[in-house]
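*Asks:* My structure is below; once you've seen it, I'll send some questions.
2 protein chains.
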Amino acid sequence: MTATPAATTPATPADRASDARDGTAGATETTFPVVAVVGAGQLARMTVPPAVGLGARLRVLATDPDESAAQVVPDVQLGSPDDLAALRRLAQGAAALTLDHEQVPTEHLRALEAEGVAVRPGPDALEHAQDKLLLRRRLDAMGVAGPAWAEVRSADDLRAFGERAGWPLVLKTPRGGYDGKGVLVVASLDEAAAWLERAAGEPLLAEEAVRFTREVAVMVARSPSGQAAAWPVVETVQVGGVCREVIAPAPDLDDDLSAQATALALRLAGELGVTGVMAVEGFEVPASPATDGASPRFLVNELAMRPHNSGHWTIEGSVTSQFEQHLRAVLDLPLGSTAPRARWTVMVNALGGDYPDLFHSHLHVMARDPAVKVHLYGKSVRPGRKIGHVTAWGDDLDAVRARAAHAADYITGTVDG
Amino acid sequence: MTATPAATTPATPADRASDARDGTAGATETTFPVVAVVGAGQLARMTVPPAVGLGARLRVLATDPDESAAQVVPDVQLGSPDDLAALRRLAQGAAALTLDHEQVPTEHLRALEAEGVAVRPGPDALEHAQDKLLLRRRLDAMGVAGPAWAEVRSADDLRAFGERAGWPLVLKTPRGGYDGKGVLVVASLDEAAAWLERAAGEPLLAEEAVRFTREVAVMVARSPSGQAAAWPVVETVQVGGVCREVIAPAPDLDDDLSAQATALALRLAGELGVTGVMAVEGFEVPASPATDGASPRFLVNELAMRPHNSGHWTIEGSVTSQFEQHLRAVLDLPLGSTAPRARWTVMVNALGGDYPDLFHSHLHVMARDPAVKVHLYGKSVRPGRKIGHVTAWGDDLDAVRARAAHAADYITGTVDG
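Chains as they are written, first to last, in full-length UniProt numbering: chain A, 1 to 417; chain B, 1 to 417.
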């Protein structure tokens, strides 16, 4: 048989892009597309390995030449995500523009879209990951059950909500929060006073303090052509508002809850028009007489429209990692299998601690456990900063958790050996 | 339980930016070591993913800025491996210097070693991968059984060897051969005439044409501290002298042969003082009355002291890939587990064919099989050139082989769909 591959493949937007590029590339040259990434943190850094295999060329926008991804990507542009001119330069000639973090003005992304840039995820979707109030309104409009919430601009607003939902309440800045920042649990109006004052009439989001069994997350991917895929629901363990551990899949998860969470995440991806991967973080709450059915329920907490800490386990733990899938999705390539590669995969974050020489920690960690995988982000140590993570996998969950935790704690500097 | 995120600071977009800007502190800095690589082909390219995770910084010596690894490594120096000054610049400040290919003058490597550079593998070991005559002498001196061989400089030498070993014979250039180049099977003196004339008195290696059952290879790693590890023995399938397919582990391999080959490779690594990974390619030959024992035997064909095509399957197929292991070894870090991650892993090379647009082939390959992994090398298509490879894994060997072969053939342009 002879090669006629183009004739046998249905056309997609990626086809047309590649057809358009053929004219400049010459008859026997492959055009390896550029994917522009706003931001150069560890998420962009961890996108490098799959990009190398796929033949996609990354270009990152860094604010500092020594940023995590800027260390490992040849094509680095320096500039601010707030600067439209910098974003335009970044997108020049790129097949798609995507994000390492959500702190990018949507008006800039709209301007780029209007100029023909493939912004993935697009600004209309992205806003729901940027603005927690917008997300709450959208979930209500979709008829999705969630915690009671209110937009509050004053002490009066908050008092009224407190009388309805009960104290304590969770106060959130609608934009810009991450890793426990931008979240405050308040037991009274007094405890909220400083935040209300600082907000100066800008809206805050107040939520009922959900009595959850545990926190879970589900990662999905969706391509511009509309193909979608979901990984198994995972359990996330937070300490001090920062993700400490992710267990994949979530142990002893109720089948109905799993189906519920997965269906909701896929529905959100479709209705919001997400392109790329999206993490839906949420709460498992017990079944109650107040709700119909005997199954526990899944309540959405927040969204991330990019690779996310709750999906780092997929690098070793799934046939297709979240980073490869994100590239496939933003390039409108067919999505990869999300099947797990082990019975249990556990990821534990390594936070900056007392022990400054991260590379040196390899000696101990690798000697103690030749099967654990350490990912360092090329960052300097600062207390509490995420400077890397560790992944372990196997059949015995307790053993896998202990192995990952020991390695991460050693890197952090909180165990001796 | 109740949601009690402990952090109480509202976050602003500026937090993330400042998070990226603190890379200048002195006392708490990690030194992420530089590994200098002579050459910038696909082996250096595939070393990028594990380097990103380990926090090792690659620096490559390329002869062209668009070479495979130069596309994906920020720290590229242009120069020739024959130029000692270029090698010196490459090694400046590096924790170790290693190789993408063996075509590096050993006298240069000796000079670098004398100047304190950690050359891994060192020139004394490397020569055995560079010079097939030297290897044959060494194997004889070690008492390792192998094919009959002779150093020939003339028709008389070859006639004498042919009378002893029988025709046909295999004629090899001792240095510089690869992928079937530098190897000629000759049935008579006449067929060897052109090669003998061209050699002009320089020695050629003549070997008995081994009647092998199949070709197998074993990959080992050894660190400067002397730690060693071996992956399972694999079967390699050559077509026209070029590796077509690697099956891991080699199906139905005799236990004694497996132990024999593995022990020999580890012994070679130790006695030659190899640092890094080494592939030992060899032949499985049937048991015969002329030899003691009823087991088939392993005969060494040649060595590669670097990551090797026969080890590409380890990227997905083993807990530790050959590329990660090589980095760990040359940095004298503890070696990783070489356990397989699937019952069967099969790698098939994609060679340049009729179909020029490699990236486009992703559309078909990924849509047909969401679990196959394609690695493109960023090369332009030239007939017969290795431009990528495909890996598949699973429990059913026939199915796994068919999946990998179909994907590779599609990329090459020899199937329709």
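In this text, a Cβ means the ideal position worked out from N, Cα and C, and glycines have one as well.
(1) In the structure shown, what three-state DSSP assignment does A/LEU78 receive?
(2) Counting only beta-carbon atoms, is A/GLY336 nearer than 8 angstroms to chain B?
(3) Just checking: is the beta-carbon of B/GLN130 within a distance shorter than 8 angstroms of some beta-carbon in chain A?
(4) Can you tell me whether A/ALA339 is buried or exposed? The criterion is at least 16 other CB atoms within 10 Å of its CB, across all chains shown.
(5) Are B/VAL152 and B/PHE161 touching if we call contact CB-CB under 8 angstroms?
(6) Helix, strand or coil: which one does DSSP assign to B/SER318?
(7) Let's test the definition: count the other Cβ atoms within 10 Å of the Cβ of A/LEU268 and tell me whether it reaches 16, buried, or not, exposed.
(8) Considering only their Cβ atoms, is the gap separating B/HIS375 from B/GLY388 smaller than 8 angstroms?
(9) What in chain A is Cβ-close to B/MET366, meaning under 9 angstroms?
(10) Is the beta carbon of B/PRO168 closer than 8 angstroms to that of B/VAL186?
(11) Under the three-state reduction of DSSP, which class applies to A/HIS375: helix, strand or coil?
(12) Checking contacts by CB at 8 angstroms: is B/PRO33 closer than that to chain A?
(13) With three or more C-beta pairs closer than 8 angstroms as the rule, is the segment 255 to 274 of chain B touching the segment 181 to 199 of chain B?
(14) Would you check if the segment 389 to 404 of chain B and the segment 362 to 380 of chain B touch, i.e. whether three or more CB-CB distances between them fall below 8 angstroms?
(15) Note down, in chain order, all residues in the segment 341 to 359 of chain B with a beta-carbon under 7 angstroms from any beta-carbon belonging to chain A.
(16) With burial defined as no fewer than 16 other Cβ atoms inside 10 Å of the residue's Cβ, what is the status of A/GLY166: buried or exposed?
(17) Which same chain residues end up closer than 7 angstroms to A/GLU127 when comparing Cβ atoms and leaving out the 5 residues on each side of it in sequence?
(18) How would you label B/VAL330, buried or exposed, when you count the other beta carbons within 10 angstroms and need 16 or more for buried?
(19) Jot down the residue ranges of each uninterrupted beta strand (DSSP E) in the segment 189 to 264 of chain B, minimum 3 residues, whole runs only, in chain order.
(20) Does the beta-carbon distance from B/ALA36 to B/LEU97 come in below 8 angstroms?
(21) Does B/ARG297 come out as helix, strand or coil in the three-state DSSP assignment?
(22) I need the DSSP call for B/ALA399, collapsed to helix, strand or coil.
(23) At the level of alpha carbons, what is the spacing between A/ARG138 and A/VAL218?
(24) Counting only the same chain and skipping the five closest in sequence on each side, list residues whose C-beta sits under 7 angstroms from that of A/ALA7.
(25) As a quick exercise: from B/GLN227, B/ASP75, B/ARG164, pick the residue whose alpha carbon is nearest that of A/LEU363.
(26) Which two residues bound the contiguous alpha helix (DSSP H) that contains A/HIS360?
(27) Using C-beta distances below 6 angstroms, list every residue in its chain close to A/ASP15, excluding the 5 sequence neighbours before and after it, in chain order.
(28) Closest to B/ARG45 by CA distance: which of A/VAL73, A/ASP252, A/GLY201 is it?
(29) Considering Cα atoms alone, identify which of B/PRO50, B/LEU333, B/THR173, B/PRO356 is closest to B/LYS132.
(30) How about A/GLY273 and A/ALA118: do their beta carbons lie closer than 8 angstroms?
(31) Can you give the Cα-Cα distance for A/ALA25 and B/VAL348, rounded to whole angstroms?
(32) What is the DSSP secondary structure of A/GLY311, counted as helix, strand or coil?
(33) Assuming contact is defined by CB atoms lying nearer than 8 angstroms, are A/GLY352 and A/VAL319 in contact in what I supplied?
(34) Against chain A, does B/THR110 count as a neighbour if the rule is that its beta carbon must be under 8 angstroms from one of theirs?
(35) Near B/HIS406, which residues of its chain fall below 7 angstroms by C-beta distance, leaving aside the five closest residues on each side in sequence?
(36) How close, in whole Å, do the beta carbons of A/THR345 and A/GLY317 come, if the pair is a contact with beta carbons under 8 angstroms?
*Replies:* Judging by the given coordinates:
(1) Note: A/LEU78 maps to strand in three-state DSSP.
(2) At a cut-off of 8 angstroms between beta carbons, A/GLY336 contacts chain B.
(3) Not one chain A Cβ lies under 8 angstroms of B/GLN130.
(4) Per the 10 Å Cβ criterion, exposed.
(5) Contact flag set, yes.
(6) Strand, per DSSP.
(7) Residue environment: A/LEU268 is assigned as buried (16 or more neighbouring CB atoms within 10 Å of its CB, all protein chains considered).
(8) Yes.
(9) Within 9 angstroms Cβ-Cβ: ARG328, LEU333, PRO334, LEU335, GLY336.
(10) A contact, by the Cβ cut-off of 8 angstroms.
(11) Three-state result, A/HIS375: strand.
(12) Chain A, which has a Cβ nearer than 8 angstroms to the Cβ of B/PRO33, makes this yes.
(13) Between the segment 181 to 199 of chain B and the segment 255 to 274 of chain B, the count of C-beta pairs closer than 8 angstroms stays below three; the two stretches do not touch.
(14) Contact between the segment 362 to 380 of chain B and the segment 389 to 404 of chain B is present, because at least three Cβ pairs lie under 8 angstroms.
(15) Flagged, chain order: ARG341, GLY353, ASP354, TYR355, PRO356, ASP357, LEU358, PHE359.
(16) With fewer than 16 other beta carbons inside 10 angstroms of its own, A/GLY166 counts as exposed.
(17) Result list for A/GLU127: THR106, LEU134, in chain order.
(18) B/VAL330 counts as buried, since at least 16 other C-beta atoms from the protein chains shown sit within 10 angstroms of its C-beta.
(19) Runs of beta strand (DSSP E) with 3 or more residues, each lying fully within the segment 189 to 264 of chain B, are found at 204 to 208, 214 to 222, 228 to 230, 234 to 239, 242 to 248, listed in chain order.
(20) Yes, the Cβ-Cβ distance between B/ALA36 and B/LEU97 is below 8 angstroms.
(21) Here B/ARG297 sits in strand by DSSP.
(22) Shown here, B/ALA399 sits in a helix according to DSSP, grouped into three states.
(23) Spanning the two alpha carbons is a distance of roughly 19 angstroms.
(24) With a pLDDT of 30 at A/ALA7, under the threshold of 50, the predicted position of this residue should be treated as unreliable, though the coordinate-derived value follows. Closer than 7 angstroms at Cβ, skipping near neighbours: no residue.
(25) It is B/GLN227.
(26) Taken as a continuous stretch (DSSP letters only), the alpha helix (DSSP H) holding A/HIS360 covers 358 to 368.
(27) For A/ASP15, the predicted model reports a pLDDT of 37, less than 50, meaning its position is unreliable and no value from the coordinates is stated.
(28) Checking every option, the nearest Cα to that of B/ARG45 belongs to A/VAL73.
(29) Between B/LYS132 and the set B/PRO50, B/LEU333, B/THR173, B/PRO356, the nearest pair of CA atoms involves B/THR173.
(30) At least 8 angstroms separates the beta-carbon of A/GLY273 from that of A/ALA118.
(31) For A/ALA25, the predicted structure reports a pLDDT of 37, less than 50, and the residue's modelled location is therefore unreliable. The matter cannot be settled from this model.
(32) When DSSP states are grouped into helix, strand and coil, A/GLY311 belongs to the helix group.
(33) Judged by their CB atoms, A/GLY352 and A/VAL319 are not nearer to each other than the 8 angstroms cut-off.
(34) The displayed chain sequence assigns Arg, not Thr, to residue 110 of chain B. Judged by the 8 angstroms Cβ criterion, B/ARG110 is not in contact with chain A.
(35) Excluding residues within five positions, the ones whose Cβ falls inside 7 angstroms are VAL415.
(36) About 3 angstroms separates the beta carbon of A/THR345 from that of A/GLY317, a gap short enough to meet the 8 angstroms contact definition.
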